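Q: Structure incoming, see below.
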Amino acid sequence: MMQGHFSSWDLPIDPIFVTSAIEVLLDLSMIKQHLLITDLNMSGIDGFELIKKLQAHPQFSGLPILVVTGLSIQEIEDRGGCHRRFIFFKSQSTWVRCVVIVKPSFLCDMASLLSHKQMRSALLN
73 MMQGHFSSWD LPIDPIFVTS AIEVLLDLSM IKQHLLITDL NMSGIDGFEL IKKLQAHPQF
133 SGLPILVVTG LSIQEIEDRG GCHRRFIFFK SQSTWVRCVV IVKPSFLCDM ASLLSHKQMR
193 SALLN
């Protein structure tokens with residue numbers, strides 16, 4: 073479902089969709105990533121563990137991460153919290169259980185990308 077949303081937007085991005093954190097850890101070194109969009113509440117390796125592993129790796133420690141989750145701030149803190157540099161979006165949607173790696177097709181301003189009305193609307197609803 074998220075894949076359909078991204079393809080319908082007129083954004084200068086080339087997203088890669090994976091369904092688990094394990095896929096990210098296996099494939100991330102083979103692509104030139106600019107932004108990771110992830111949920112925290114996933115089966116297997118969850119978003120918390122994925123973020124910890126990426127932060128510990130020198131190649132990915134500076135990777136911008138956008139967290140989209142249905143968890144409350146208290147639930148996030150109870151599970152160990154996340155670094156303050158991440159951007160969080162609260163979502164009530166059930167289709168957020170995936171990871172998206174965004175590779176801009178050309179250079180674009182990440183702030184304007186994240187403020188894009190359609191992207192914010194789909195992620196927050």
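Convert by adding 72 to the 1-based position in the sequence shown; the result is the number in our numbering. Every residue, glycine too, gets a C-beta built ideally from N, C-alpha and C. Note that the structure is a prediction, hence the values are computed from the model and not measured.
(1) Quick one: residues in its chain with C-beta nearer than 6 angstroms to the C-beta of PHE132, no 5 flanking neighbours on either side, listed in chain order?
(2) Inspect the beta-carbon positions of ALA93 and GLY119 and report whether they are closer than 8 angstroms.
(3) Does any residue of chain D have a CB that is nearer than 8 angstroms to the CB of ASP86?
(4) Where do the N-terminal and C-terminal ends of the alpha helix (DSSP H) with ILE123 fall, by residue?
(5) Where does SER101 fall in DSSP's three states?
(6) Can you tell me which of the three DSSP states ASP111 falls into?
(7) Going along the chain, which residues of its own chain have a beta-carbon closer than 8 angstroms to the beta-carbon of GLU121, five neighbours each way excluded?
(8) Relative to the alpha-carbon of LEU108, which residue among GLY153, ARG151 and VAL140 has its alpha-carbon at the smallest distance?
(9) Are LEU138 and LEU112 touching if we call contact CB-CB under 8 angstroms?
(10) Do you know offhand how far GLN105's Cα is from ILE88's?
A: So, to answer that:
(1) In the sequence shown, residue 132 corresponds to position 60, counting from 1. Cβ within range, chain order: LEU126.
(2) Sequence index remark: in the sequence shown, residue 93 carries index 21 (1-based). Sequence index remark: in the sequence shown, residue 119 carries index 47 (1-based). Contact annotation: ALA93 and GLY119 have beta-carbon atoms nearer than 8 angstroms.
(3) You won't find chain D in this structure, because it holds only one protein chain.
(4) Along the sequence shown, one-based indexing puts residue 123 at 51. That run of the alpha helix (DSSP H) goes 119-128.
(5) Your numbering for residue 101 matches position 29 in the sequence shown. Note: SER101 maps to helix in three-state DSSP.
(6) Within the sequence shown, numbered from 1, the residue matching residue 111 stands at position 39. Note: ASP111 maps to coil in three-state DSSP.
(7) Within the sequence shown, the letter at position 49 stands for residue 121. Short of 8 angstroms from the beta carbon of GLU121, and not among the five residues preceding or following it, lie these beta carbons of its own chain, in chain order: ALA93.
(8) Indexing the sequence shown from 1 puts residue 108 at position 36. When only C-alpha atoms are compared, the closest one is VAL140.
(9) Counting from one through the sequence shown, the residue named residue 138 turns up at place 66. Counting from one through the sequence shown, the residue named residue 112 turns up at place 40. Result no, Cβ atoms of LEU138 and LEU112 do not sit closer than 8 angstroms.
(10) Stepping through the sequence shown from its first residue, residue 105 is reached at position 33. Stepping through the sequence shown from its first residue, residue 88 is reached at position 16. The alpha-carbon atoms of GLN105 and ILE88 are separated by roughly 9 angstroms.
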